[in-house]
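What follows is a short report on a single structure.
There are 2 protein chains.
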Amino acid sequence: MIKTSAKLSMVNGTIDMSHGAGGRAMTQLIQQLFLQCFDNTYLRQANDGVLLPRSNKRLMMATDSYVVSPLFFPGGNIGELAVNGTINDLAVGGAVPKYLSVGFILEEGFPLSDLKKIVTSMADAAKRSGVFIVTGDTKVVEKNSVDGVFINTTGIGELDDEVTLPQAPQVGDKIIINGDVGDHGVAILAHRENLSFATTIASDTAALSGLIAAMLAAAPGIRCMRDPTRGGVSAVMNEWAEQYHTCFLLNEAAIPTKMAVQSACELMGLDVLHLANEGKVIAVCPHEQIEPLLSVMRAHPLGKKASIIGDVVDEVHPGVLMTSCVGGRRLVDWVSGEPLPRIC
Amino acid sequence: MIKTSAKLSMVNGTIDMSHGAGGRAMTQLIQQLFLQCFDNTYLRQANDGVLLPRSNKRLMMATDSYVVSPLFFPGGNIGELAVNGTINDLAVGGAVPKYLSVGFILEEGFPLSDLKKIVTSMADAAKRSGVFIVTGDTKVVEKNSVDGVFINTTGIGELDDEVTLPQAPQVGDKIIINGDVGDHGVAILAHRENLSFATTIASDTAALSGLIAAMLAAAPGIRCMRDPTRGGVSAVMNEWAEQYHTCFLLNEAAIPTKMAVQSACELMGLDVLHLANEGKVIAVCPHEQIEPLLSVMRAHPLGKKASIIGDVVDEVHPGVLMTSCVGGRRLVDWVSGEPLPRIC
Chain A
4 MIKTSAKLSM VNGTIDMSHG AGGRAMTQLI QQLFLQCFDN TYLRQANDGV LLPRSNKRLM
64 MATDSYVVSP LFFPGGNIGE LAVNGTINDL AVGGAVPKYL SVGFILEEGF PLSDLKKIVT
124 SMADAAKRSG VFIVTGDTKV VEKNSVDGVF INTTGIGELD DEVTLPQAPQ VGDKIIINGD
184 VGDHGVAILA HRENLSFATT IASDTAALSG LIAAMLAAAP GIRCMRDPTR GGVSAVMNEW
244 AEQYHTCFLL NEAAIPTKMA VQSACELMGL DVLHLANEGK VIAVCPHEQI EPLLSVMRAH
304 PLGKKASIIG DVVDEVHPGV LMTSCVGGRR LVDWVSGEPL PRIC
Chain B
4 MIKTSAKLSM VNGTIDMSHG AGGRAMTQLI QQLFLQCFDN TYLRQANDGV LLPRSNKRLM
64 MATDSYVVSP LFFPGGNIGE LAVNGTINDL AVGGAVPKYL SVGFILEEGF PLSDLKKIVT
124 SMADAAKRSG VFIVTGDTKV VEKNSVDGVF INTTGIGELD DEVTLPQAPQ VGDKIIINGD
184 VGDHGVAILA HRENLSFATT IASDTAALSG LIAAMLAAAP GIRCMRDPTR GGVSAVMNEW
244 AEQYHTCFLL NEAAIPTKMA VQSACELMGL DVLHLANEGK VIAVCPHEQI EPLLSVMRAH
304 PLGKKASIIG DVVDEVHPGV LMTSCVGGRR LVDWVSGEPL PRIC
């Protein structure tokens with residue numbers, strides 16, 4: 004009596020309005036694509052709310068919607084970005100990411116083959132990080148009411164008792180980053196604008212939870228961490244400056260940046276500190292724990308180029324300053340306007 | 004040094020791309036609108052992930068994206084719907100809703116005055132239900148890349164130990180609903196299609212957590228509950244039939260429906276059981292607990308018209324049957340196609 008078994012064509016099929024209508028077509032899409040790719044015991048509960056095990060730890064929750072354009076870019080796609088991005092928001096807070104929800108908003112006519120690629124890479128990304136996609140939602144809107152697909156991921160993580168993040172930075176602390184700045188921003192922009200010289204640059208999208216666990220084990224005194232996504236390094240530093248009434252002094256020469264990224268920035272008049280990163284973490288660390296921290300970071304695949312990029316300094320006014328490569332200090336300001344829309 | 008104090012105009016202002024760029028404009032929007040309206044100690048942590056207190060209970064997580072069109076409709080708007088909807092997804096699972104995340108995707112040019120109305124009603128809805136909006140995210144996309152505003156809400160709830168939901172329905176159990184069917188669907192459709200005869204119908208959007216707490220206290224044996232949103236009563240019943248290999252027999256004459264809703268359905272060739280509801284709960288309850296259940300429901304403002312609408316019956320094949328008003332039985336099928344796109 005219940006006929007939900009008709010097979011969707013993942014090769015030539017497209018999304019139509021019925022896939023969001025709460026009827027048989029939606030059930031087919033869920034069963035034949037989402038459940039197959041994301042399969043786990045939680046998702047198989049198949050209720051609107053998913054029951055999760057008791058936890059005796061403090062919890063962390065993070066949410067992000069992803070609207071990146073193009074959907075597929077060198078180094079990744081919107082799906083992988085959506086999984087890694089929310090994992091990273093939890094990880095930089097000191098949490099161990101455990102569960103993700105996923106909300107899709109799909110455009111009528113969207114190719115099922117593309118959706119399958121996106122969903123498959125989400126499943127792979129979640130698996131790599133030991134995270135379960137436990138519940139989801141799919142909406143379909145008419146052609147031109149959304150640009151392809153937008154994805155929300157919301158995550159829950161657990162915090163071990165010994166984690167004391169976040170703490171205010173102290174004068175004398177060092178600022179660390181795990182590698183090259185600006186790759187994701189330039190990868191998207193080069194792909195979008197057809198800049199051939201920069202097409203070798205791939206997005207740095209990656210889940211940082213493994214690296215961060217090693218960092219916290221080696222340097223439990225880390226004051227605070229952030230992933231410099233939208234708004235780049237400058238946004239993270241300025242937010243901290245405001246939040247903690249602190250002054251940071253960055254050292255331009257110490258900020259790891261690929262040559263092609265620097266060239267792209269010069270050509271387009273962009274500041275590399277405003278560019279989004281999707282696999283980077285900035286940490287503020289007491290100077291006495293810097294050595295063990297750098298050594299575990301450099302031993303990790305995602306931290307080979309870990310560098311000290313600045314100091315917490317004693318100034319009257321909070322803010323972000325930088326010693327430039329040619330000497331002299333300048334103010335590192337927030338991005339103004341929107342140099343790179345829909346970067347994540 | 005940090006200039007985030009310029010005042011946004013909530014009267015004539017509009018969203019521009021910079022409000023999603025991770026810079027100063029985004030910080031202004033967050034501080035002057037979201038933080039002001041949603042204000043609570045969690046949100047004030049102002050980190051990407053929010054730290055939540057330890058809980059020794061089982062947790063429930065639910066997510067939903069809202070794309071309803073129009074954004075403002077009789078009885079509510081997209082914001083209220085987004086808060087109530089996710090609260091309800093948790094409540095029908097037996098959880099006490101605690102925390103919500105909110106993800107906005109905004110169209111360039113969207114009026115700040117409309118956004119403020121939406122955000123204000125979200126704050127009110129959360130407050131009414133004792134739920135905290137603890138973290139959020141805002142993306143802005145170019146004009147015509149999204150239709151106005153889409154909202155994702157994801158919720159976390161706690162389950163008391165004595166809650167045993169969901170259990171399989173048993174032959175002899177009764178099916179209960181708390182009131183009139185189809186109001187939300189007709190409210191949206193009438194507004195969209197300018198059907199004057201049905202303009203008195205308002206959406207039933209409401210948070211069901213209070214009613215459901217009373218229901219579980221009076222009838223702890225309730226087997227399972229669902230809110231019949233997209234796909235309506237027919238989707239809930241068919242999903243259960245499939246999930247539990249059960250047969251349900253509904254009684255058409257017993258299903259509470261407003262006259263104007265019935266007329267609208269007849270005019271448009273719609274089945275009221277396919278229409279979305281946003282303040283209704285269907286419960287399957289052992290017959291011996293029906294009396295206390297109905298009496299607490301009818302004493303609650305959201306359950307005045309609580310009714311028994313059918314039975315779990317002993318048939319060979321799982322499915323959903325209905326005794327019609329004129330006698331005879333018919334099959335209650337899933338909605339097919341998309342009679343009511345973007346209903347939630």
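Residue numbers (this note's numbering), protein chains in the order written: chain A, 4 to 347; chain B, 4 to 347. We put the beta carbon where it would ideally sit given N, CA and C, even for glycine.
If distances are taken between C-alpha atoms only, which option among the options comes closest to residue i?
i	options	result
E245/A	Q48/A, I90/A, H320/A	H320/A
L115/B	G158/B, C268/B, I18/B	I18/B
L55/A	L55/B, V299/B, R61/B, L54/B	R61/B
Q31/B	K10/B, N43/B, R47/B, C40/B	K10/B
S12/B	A24/B, D163/B, P344/B, K119/B	K119/B
G151/B	L162/B, L84/B, V71/B, E281/B	V71/B
G26/B	P344/A, W337/A, L343/A	W337/A
G79/A	Q265/A, A216/A, A221/A, T208/A	T208/A
P289/B	M218/B, E165/B, K142/B	M218/B
H277/A	A129/A, S339/A, K261/A	S339/A
F359/A	A94/A, T141/A, A190/A	Residue 359/A falls outside the range modelled here, since chain A spans only 4 to 347, and no answer is possible.
G185/B	V316/B, K261/B, N50/B, C328/B	K261/B
E294/A	D176/A, N50/A, L253/A	D176/A
L46/B	V105/B, I180/B, A94/B	V105/B
V174/A	R226/A, P73/A, P304/A	R226/A
D314/B	T249/B, I81/B, T44/B, V275/B	T249/B
S124/B	L192/B, Q39/B, P259/B	Q39/B
N181/A	S148/A, V95/A, E110/A, P344/A	V95/A
A309/B	G282/B, G322/B, L334/B	G282/B
S199/A	G235/A, P73/A, A267/A	A267/A
L324/A	L253/A, S148/A, I258/A, V86/A	L253/A
V149/B	A129/B, L270/B, T156/B, E111/B	E111/B
D67/A	N50/B, A128/B, P100/B	N50/B
For residue i and residue j, which I take to be in contact (beta-carbon distance under 8 Å), what is that distance rounded to the nearest angstrom?
i	j	result
F251/A	G139/A	Incorrect: roughly 39 Å between the Cβ atoms, too far for contact.
A3/A	R131/A	Past the edges of chain A, shown from 4 to 347, lies residue 3/A, and the structure says nothing about it.
I311/B	P231/B	Wrong, their Cβ atoms sit about 16 Å apart, outside the cutoff.
N280/A	H187/A	5 Å
E161/A	A98/A	6 Å
I108/B	K142/B	5 Å
A65/A	L93/A	5 Å
I154/B	Y69/B	5 Å
Going by other Cβ atoms of all chains shown within 10 Å of its Cβ, with 16 needed for buried, is residue i buried or exposed?
i	result
K6/B	Unreliable placement is indicated for K6/B, whose pLDDT of 47 sits below 50; the coordinate value is still reported in the next sentence. Its Cβ having fewer than 16 others within 10 Å, K6/B is exposed.
H22/B	buried
R229/A	buried
N15/B	exposed
N197/A	exposed
G88/A	buried
E242/B	buried
D117/A	buried
F135/A	buried
V329/A	exposed
S298/B	exposed
G306/A	buried
S2/B	Outside the displayed span of chain B (4 to 347) sits residue 2/B, for which this structure offers no information.
V214/B	In the sequence as displayed, the identity of residue 214/B is Leu instead of Val. Label assigned to L214/B: buried.
V316/B	exposed
E291/A	exposed
A256/A	exposed
C347/A	buried
P172/A	buried
K146/B	exposed
Does at least one heavy atom of the ligand GTP sit under 6 Å from the Cβ of residue i?
i	result
V144/B	In terms of ligand content, the structure shown is empty, and the ligand GTP therefore cannot be addressed.
Jot down the residue ranges of each uninterrupted beta strand (DSSP E) in the stretch 312-342 of chain B, minimum 3 residues, whole runs only, in chain order.
The DSSP assignment places complete beta strand (DSSP E) segments of no fewer than 3 residues inside the stretch 312-342 of chain B at 322-326, 332-334, in order along the chain.
With a floor of 3 residues, list each beta strand (DSSP E) that falls wholly inside the stretch 191-245 of chain A, ordered by position along the chain.
Annotation: the stretch 191-245 of chain A contains the following complete segments of the beta strand (DSSP E) (minimum length 3 residues), in chain order: 227-229.
Note down, one range per segment and in chain order, each beta strand (DSSP E) of at least 3 residues found wholly within the stretch 113-156 of chain B.
Complete beta strand (DSSP E) runs here, min 3: 135-144.
Which runs of the beta strand (DSSP E) fall wholly inside the stretch 68-106 of chain A and span at least 3 residues, in chain order?
Scanning the stretch 68-106 of chain A from its first residue to its last, no whole beta strand (DSSP E) run of 3-plus residues comes out.
Tell me the start and end of each unbroken alpha helix (DSSP H) in the stretch 159-190 of chain A that is at least 4 residues and wholly inside, in chain order.
Scanning the stretch 159-190 of chain A for uninterrupted alpha helix (DSSP H) segments of 4 residues or longer gives nothing; none is fully contained.
Secondary structure, alpha helix (DSSP H): runs of 4+ residues fully inside the stretch 245-291 of chain B
If we require 4 residues or more, the alpha helix (DSSP H) runs fully inside the stretch 245-291 of chain B come out as 262-271.
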